[in-house]
Each structure stands twice: as C-alpha cells, then as structure tokens.
Amino acid sequence: MEAYHGHGKEKESQDLPRVLLFKPPPDFHLFGDECFSSNKFKFLKAWESPLPLDQFLKTHAQSVEAILSSGGAPVTAETLRLMPAVRLVMTTSAGLNHVDIAECRRRGITVANAGNVFSEDVADLAVGLLIDLLRNISASDRFVKQWLRPRQAAEGDCYSLGIGSKLGGKRVGIVGLGSIGSLVAKRLDAFGCSISYNSRTKKPSVSYPFYSNVCELAANCDILIICCGLTAETHHMINKQVLSALGKEGVVINIGRGPIIDEQELVRCLVQGEIKGAGLDVFENEPDVPKELLALDNVVLSPHCAVFTWETFKDRQKLVVENLEAFFSNKPLLTKIVDND
Amino acid sequence: MEIHEEHRDHQSQHLPRVLVIKPPPPLTLFGDKFISRSFQLLKAYESSLSLEQFLISHAHSIEAILCSGDSPVTLDILRLLPKLRLVVTASAGVNHIHMPECRRRGIAVANAGSIFSDDAADAAVGLLIDVWRKISSADRFLRQGLWSKIGDYPLGSKLGGKRVGIVGLGNIGLQVAKRLQAFGCNVLYNSRSKKPVPYAFYSNVCELAANSDALIICCALTDQTRRMINREVMLALGKEGIIVNVGRGAVIDENEMVRCLVRGEIAGAGLDVFENEPYVPKELLELDNVVLQPHRAVFTSECFVDLCELAVGNLEALFSNQPLLSPVTAE
Numbered sequence: 010m011e012a013y014h015g016h017g018k019e020k021e022s023q024d025l026p027r028v029l030l031f032k033p034p035p036d037f038h039l040f041g042d043e044c045f046s047s048n049k050f051k052f053l054k055a056w057e058s059p060l061p062l063d064q065f066l067k068t069h070a071q072s073v074e075a076i077l078s079s080g081g082a083p084v085t086a087e088t089l090r091l092m093p094a095v096r097l098v099m100t101t102s103a104g105l106n107h108v109d110i111a112e113c114r115r116r117g118i119t120v121a122n123a124g125n126v127f128s129e130d131v132a133d134l135a136v137g138l139l140i141d142l143l144r145n146i147s148a149s150d151r152f153v154k155q156w157l158r159p160r161q162a163a164e165g166d167c168y169s170l171g172i173g174s175k176l177g178g179k180r181v182g183i184v185g186l187g188s189i190g191s192l193v194a195k196r197l198d199a200f201g202c203s204i205s206y207n208s209r210t211k212k213p214s215v216s217y218p219f220y221s222n223v224c225e226l227a228a229n230c231d232i233l234i235i236c237c238g239l240t241a242e243t244h245h246m247i248n249k250q251v252l253s254a255l256g257k258e259g260v261v262i263n264i265g266r267g268p269i270i271d272e273q274e275l276v277r278c279l280v281q282g283e284i285k286g287a288g289l290d291v292f293e294n295e296p297d298v299p300k301e302l303l304a305l306d307n308v309v310l311s312p313h314c315a316v317f318t319w320e321t322f323k324d325r326q327k328l329v330v331e332n333l334e335a336f337f338s339n340k341p342l343l344t345k346i347v348d349n350d
Numbered sequence: 327m328e329i330h331e332e333h334r335d336h337q338s339q340h341l342p343r344v345l346v347i348k349p350p351p352p353l354t355l356f357g358d359k360f361i362s363r364s365f366q367l368l369k370a371y372e373s374s375l376s377l378e379q380f381l382i383s384h385a386h387s388i389e390a391i392l393c394s395g396d397s398p399v400t401l402d403i404l405r406l407l408p409k410l411r412l413v414v415t416a417s418a419g420v421n422h423i424h425m426p427e428c429r430r431r432g433i434a435v436a437n438a439g440s441i442f443s444d445d446a447a448d449a450a451v452g453l454l455i456d457v458w459r460k461i462s463s464a465d466r467f468l469r470q471g472l473w474s475k476i477g478d479y480p481l482g483s484k485l486g487g488k489r490v491g492i493v494g495l496g497n498i499g500l501q502v503a504k505r506l507q508a509f510g511c512n513v514l515y516n517s518r519s520k521k522p523v524p525y526a527f528y529s530n531v532c533e534l535a536a537n538s539d540a541l542i543i544c545c546a547l548t549d550q551t552r553r554m555i556n557r558e559v560m561l562a563l564g565k566e567g568i569i570v571n572v573g574r575g576a577v578i579d580e581n582e583m584v585r586c587l588v589r590g591e592i593a594g595a596g597l598d599v600f601e602n603e604p605y606v607p608k609e610l611l612e613l614d615n616v617v618l619q620p621h622r623a624v625f626t627s628e629c630f631v632d633l634c635e636l637a638v639g640n641l642e643a644l645f646s647n648q649p650l651l652s653p654v655t656a657e
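Sequence lines, in order, name chains S and H. Note that the working numbering has the first sequence beginning at 10, numbered continuously upward. Note that the working numbering has the second sequence beginning at 327, numbered continuously upward.
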C-alpha cells in the first residue's frame, strides 16, 4: 500500500491503484465515463480488452486490489481465484446474491454494497406498484389511451376495468423487515394499512406483529410485499403453499429478487384467479417476462427499475467513490458486509 | 313502462319517490343496497318518455333526487319539481347542482361528505408516484417487449425531498398531505384560508406553484377556482414541474395545460378529471409523461358501498324528519 501514497509528490496516473470493472455500469451511459472518477484511483475496464475475461485477468489484473461490480456482473469464486491481490469487492447494488460471499470470507476479502442509499426509492416503488394494482391505474391509463384512439369518449366500457379496492384497513405482510421493508411499513401506515412481518429474526424494537413462518403471515394478510434479499433460504420461498394461504383476494408485490417467488406457480395462480393480482419489479430470468403476464390487467409490470432515479444514481456514485477512496487510504468504509479482519 | 311499474309495486304506491335521471356508478354496481321501506326509486333512464315528459308526469310525487357528478340538476329540472325537498349526490362536489335555486326554494342538498377522502387521496398519491417514477410508462415499455430489445428503462425522479403544493386543503387535501409526509416530501398548500396545520401556506396559487415541484389539485370547482390553474401558474411551476388533478377538470385551463405539456413547459401530469368528460384532448393520448384515468379516483368497492349506505341514510332521514347525515351547508 505504501507505494500508492505519494508522500507529497504529484501522483502520476500510472501509479494510481486500479479498480476492476467487468462491464460498463449503467451510470456511464447516462452520466458519462467520469461519474465514478477520482484522483485517488483509476478503472481497469475489462470489456475494453479483446481478451476473454480469464486471460485478461491473468495478464492485467494480478495486482488489482479492488473490484467494482455493477449491473449484476457476477463475482464468482473462479474470477476471484484469478485475482490474488483482491481485498475489496464493492457492488453498486444492495443485493449480494451475485457475489460469492463464502469465497470472499475464505480469502479475507471485504465486501461492500451500496448500503441504504436507495432504500427510499425502492420502498416508494413498492407502494406505487401496490396503489397501481389495487386502483387499476396502469390498466386505466392503457384503457384511456388505447380505447380512445379511434374515438374521443371514455364512456361506457369503464366498468370493464373492474372496480378498485381501498388501501385503508388492508392487512399488509412484509417479508423481510430490513431497511427497505421498514420504509414500506412507514408509508403504508400513513394509508391506514395494518402491518405485520416475517423476518429471519423478530425485531424487538418493532411493534408490528411478527410471524416466524411466511405461510402463516400470508394466511393473515391481504397483501404480501417481498422486501428481502435472495439467499439459499429465500429461494422459491413464496411457493404454492404460501400463495394458497394468501388466497383469492390476496396480492403480491415483489421488489426483492425474482427467484424468491416460484414464478411458474405465481403465473399459474394469476391466470387461474387463485390470487387477485401482482406488482412485479423483478423476475426469475430478466429481461424475460412470462408471456402470460403480458396479457393480464391484474398485474403491474416493472423492468427492474426500483432504484432508477436521477437523485439516487448520483447519491450512489458519491457513495461508491467515497468507499473506494476510503479503502485506498486505509480508512473505514462507509458500508461493508464482510470484513477482512 | 311506468304504468307497468305502478301495477307491480302496488304496496309501494304510497312511498315517496326518489328520482334518478342517470344512475350514479354506486347504484349501478350495488343496486340492491337501495332497497328501502322509506322510499322508492323512480328511474327516469328506464322510461321511453323524454326527460321533460317524465318529470311532468311524476312531478307530484318526486320529493328527492339521487344524482352524481355526471347527472346535473339544472334550473330547468328544479322548476319542473315543485315537491322537491332534497337532492342527494354521490359526489363531494356540488358544482353540477343549481345551488342558488336550491337555496332559494329551501331544497336541502346532501353530498358524500368525507367518505371517499381516503380513496381520492390514495389515487392522487398513486398518480404522483406514477408520473415521477414512470410506472405506467414502464409497464407499457415492458409489455411492448422493449426491455429485451432496448435494455434499461430511463430514470425517474425521487419523491423524498420534493416540494408538493396542495391546492385546496380540505378533507382530501389533508389526507394527501398526511401520506406525502411518509414519503419525505415537503408539503405546501394554498386554500381559501390558512389552516392550523404544520405545512407552509401560500395565499396565492401562483406563488405556491413557484415554490413547488408538483401541484396536486384537490379543491372543488367554484366560480373562484374555475381555470385557476392557468398559464401563469404553469409557467411558475416550471419545466420540471408536474400536475396531478383529482378535483375537477375545469379548475385547470385544459387547452393551456395541453400546450404546456406538448411543448415541455411542464414535465408531466396525472389526470383523473377533464373539462368535458368523457372527452380527453387527443394530444394527451400520445404523451408518455401523462397518466390518464377515466374519472375513477373514488372507484373502490368499499367506497361505493359506503356511498350507497350514506345516500340511503340521507334519504331515510329526510322521510322520517330526522337530520340529514351529510348536509351541504351554505359557505
């Protein structure tokens, strides 16, 4: 690390520590290549090389100490084995399911995510999807815009849209009461919903009723909101049994990860009317969405954009840069999950 | 057709009649809730007579009218009904009722009170989130197969920290404010008078617009509020500003708003109401940054059931000489 501190001398760009990027982050396209830049480090851009990744890493990345993973570019054990000097994996997401955490732990590699910088946006979208679903907002917008095109009047067929459902008084079950889940709860409180939750452990400081079992939560709710991360335990956690417990009047909102829900089963339930509707920002095989859903008016579909706001992208860029700068100055990181201590 | 009715309802011959010119949506969907021992509905829309002929032939027995926003109670109609004592509307607004004539003749008016304030507020907030976060637009994007073809959807706008100006801090406006606080928005408002609330008051709607990122129209349509949201207000709101309207279409100068939207002088709109429903300006149909609803801000089954019960309650109160449940008082 000593070599990277200039001792007062002006640093040449060649002396700057390098951060590996596998793929260009969406930010580059929207904000330009300079949005993550800093005078304390520079990027090594794997996609700019004609070499296949493993060769590239063997040739160019042997002394690289940090990886910035974005856009879901997976950080696998294989990749990590090709980078003996890595001490930090920084991801621009909150989710870590694309990082081999076990391998990082084994190697003493620190893992840092984007913390809570976009929890509010994700919570806002969850509530937006729910209101849309219960009040048929997108379906009505579609109705007005498509139905009206040859005509001018929005009369008559209005009832075919189906009547909506009031939010106040509905029982909301939050699956995963972390930073996002708590913000969802706070918002829905203001709409007069009653909140309960399922989480890995009961939260002593929280007064909402706790259900240790997601099936029981579903049986006692009108609305299930999936706010948890994707792990081996949560994979396909929302299955036939849970959906059946939720029932014909129940709806599901998913802003976590697609594979938390058994998607085929969900589609079947929606098509057959075994649950009332769904609002989905995530899917098992993005960007593919089961075609049955495209024809349904009782689903609201969102292309994994819960964190897509200008404000949050800028906040996240700032956080990423600050974390990387802290890392290279041996200062404590602002956010980290796995410590190398 | 009325003769047929008279024979069939022999027992209810003496029940006071409640005129319905056009069925309010809650009646259409929950008709069974309007069966009462105190009155009988007289459905003008089921008659082959013209409205005027129908009213003339039943004038002696009509003591109340059940209506809603799209079924106006005009001066002409009132003049044909000498026995009229009450107009019940399944709406909060009374701009479709000739109020001066009702006042002059001592005809009481009952509305929906604050029954659907929650639902209207939910719809307003839903539209706000939709416009800022592009929910309907992204749903369309996905359904058209563009996610696989094009890739990521464009960025929207965060709610937290935004200044939201509520125009009309009545029952609905207050519920909107309460919800927006939970999202971390800064709530400002304009109303006829200042209220004991912790939100910043602007006596002038133009000034409110100049200090807001979004305007939410929650006020009633009156002579003072007609076309209140005009070019000046929209320019003050600015290129990044959005408008949500769950009040009445005519509160906004619609032609001007369409012009501003098409030219990008405001950033977007969420509209549940229009100046000449059911007509929607065709330019709006093509805009991705505009979310359109066919006047459904209160269309929930819970609300409709409550509306039916309130309307029946008001009618039964009238016919048993009890105080009305939700009278509209002169302001």
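C-beta: ideal position from N, C-alpha, C; glycine also. This one's a predicted model, so the numbers in the text were calculated from it and none came from an experiment.
Whole-angstrom distance between residue j and residue i, CA atom to CA atom
i: Leu97(S); j: Pro33(S); result: 19 Å
i: Asn497(H); j: Val599(H); result: 18 Å
i: Val347(S); j: Glu112(S); result: 11 Å
i: Lys300(S); j: Asp271(S); result: 16 Å
i: Leu401(H); j: Cys428(H); result: 9 Å
i: Leu534(H); j: Gly575(H); result: 19 Å
i: Leu342(S); j: Gly117(S); result: 15 Å
i: Trp330(S); j: Met99(S); result: The sequence given here places Val at residue 330(S); Trp does not occur at that position. Val330(S) and Met99(S): Cα-Cα distance of roughly 10 Å.
i: Ile391(H); j: Ser397(H); result: 10 Å
i: Gly256(S); j: Gly267(S); result: 20 Å
i: Asp36(S); j: Thr240(S); result: 27 Å
i: Pro522(H); j: Ser147(S); result: 36 Å
i: Leu453(H); j: Glu580(H); result: 18 Å
i: Leu472(H); j: Asp614(H); result: 15 Å
i: Gln161(S); j: Ala447(H); result: Only weak support is given to the placement of Gln161(S): the predicted model assigns it a pLDDT of 46, under 50, and the question is left unresolved by the model.
Presumed contact (8 Å Cβ cut-off) between residue i and residue j, rounded CB distance
i: Asn516(H); j: Val493(H); result: 5 Å
i: Leu226(S); j: Asn263(S); result: The pair is not a contact, with the Cβ atoms about 15 Å apart (cut-off 8 Å).
i: Asn571(H); j: Leu611(H); result: No, Asn571(H) and Leu611(H) are not in contact; Cβ-Cβ is about 17 Å, not under 8 Å.
i: Val490(H); j: Asp539(H); result: 7 Å
i: Val435(H); j: Val654(H); result: 4 Å
i: Tyr206(S); j: Leu186(S); result: 4 Å
Residue nearest to residue i in terms of C-alpha spacing, selected from the options
i: Leu39(S); options: Arg622(H), Val559(H), Asp478(H); result: Asp478(H)
i: Phe31(S); options: Ala70(S), Gly41(S), Pro299(S), Gln281(S); result: Ala70(S)
i: Leu345(H); options: Phe356(H), His386(H), Lys359(H); result: His386(H)
i: Ala86(S); options: Lys67(S), Gly173(S), Val73(S), Ile110(S); result: Ile110(S)
i: Val624(H); options: Val435(H), Leu375(H), Gly439(H); result: Gly439(H)
i: Val95(S); options: Pro61(S), Ile235(S), Leu66(S), Ala82(S); result: Leu66(S)
i: Lys195(S); options: Gly171(S), Val136(S), Ser149(S); result: Val136(S)
i: Cys511(H); options: Gly486(H), Val502(H), Gln501(H); result: Gly486(H)
i: Gln507(H); options: Val153(S), Asp133(S), Thr240(S); result: Asp133(S)
i: Phe52(S); options: Asn207(S), Val28(S), Phe322(S); result: Val28(S)
i: Val291(S); options: Val261(S), Lys285(S), Thr101(S); result: Val261(S)
i: Gly41(S); options: Asn339(S), Phe322(S), Tyr206(S), Lys345(S); result: Phe322(S)
i: Glu582(H); options: Ile555(H), Lys475(H), Glu603(H), Pro604(H); result: Ile555(H)
i: Val131(S); options: Thr354(H), Cys586(H), Lys475(H), Phe509(H); result: Phe509(H)
i: Gly171(S); options: Cys586(H), Ile347(H), Ser627(H); result: Ser627(H)
i: Glu389(H); options: Gln379(H), Pro408(H), Val399(H), Ile382(H); result: Pro408(H)
Span of the alpha helix (DSSP H) around residue i
i: Glu258(S); result: Unbroken run through Glu258(S): none, as it is neither H nor E.
i: Leu597(H); result: Looking at the DSSP string, Leu597(H) is not in any alpha helix (DSSP H); the run it does join, the beta strand (DSSP E), is 594-597.
i: Cys393(H); result: Unbroken run through Cys393(H) is the beta strand (DSSP E), 388-393; no alpha helix (DSSP H).
i: Ile247(S); result: Careful: Ile247(S) lies outside any alpha helix (DSSP H) and carries neither H nor E.
Short CB-CB distance (under 8 Å) between residue i and chain C
i: Gln507(H); result: The structure shown contains no chain C; its protein chains are S and H.
Continuous beta strand (DSSP E) stretch holding residue i: start and end
i: Thr119(S); result: 119-121
i: Asn207(S); result: 203-207
i: Val308(S); result: 308-310
i: Ser78(S); result: 75-78
Stretch pair the region 416-428 of chain H + the region 539-558 of chain H: three plus CB contacts closer than 8 Å: yes
Segment contact, 8 Å Cβ cut-off, at least three pairs: the region 454-465 of chain H with the region 304-316 of chain S: yes
contact_flag[the region 554-570 of chain H, the region 578-597 of chain H] where n(CB pairs < 8 Å) is 3 or more: yes
Cβ contact check for the region 247-257 of chain S and the region 213-220 of chain S: 3 or more pairs under 8 Å: The answer is no - the region 213-220 of chain S does not touch the region 247-257 of chain S, with fewer than three Cβ pairs under 8 Å.
Segment contact flag, the region 224-240 of chain S with the region 171-181 of chain S, C-beta cutoff 8 Å, min 3 pairs: Yes: at least three Cβ pairs fall under 8 Å.
Segment contact flag, the region 636-647 of chain H with the region 359-372 of chain H, C-beta cutoff 8 Å, min 3 pairs: yes
Three CB pairs or more closer than 8 Å across the region 281-288 of chain S and the region 124-131 of chain S: no
The region 141-152 of chain S in contact with the region 200-210 of chain S per 3-pair CB rule at 8 Å: With the cut-off at 8 Å, the region 141-152 of chain S and the region 200-210 of chain S do not touch.
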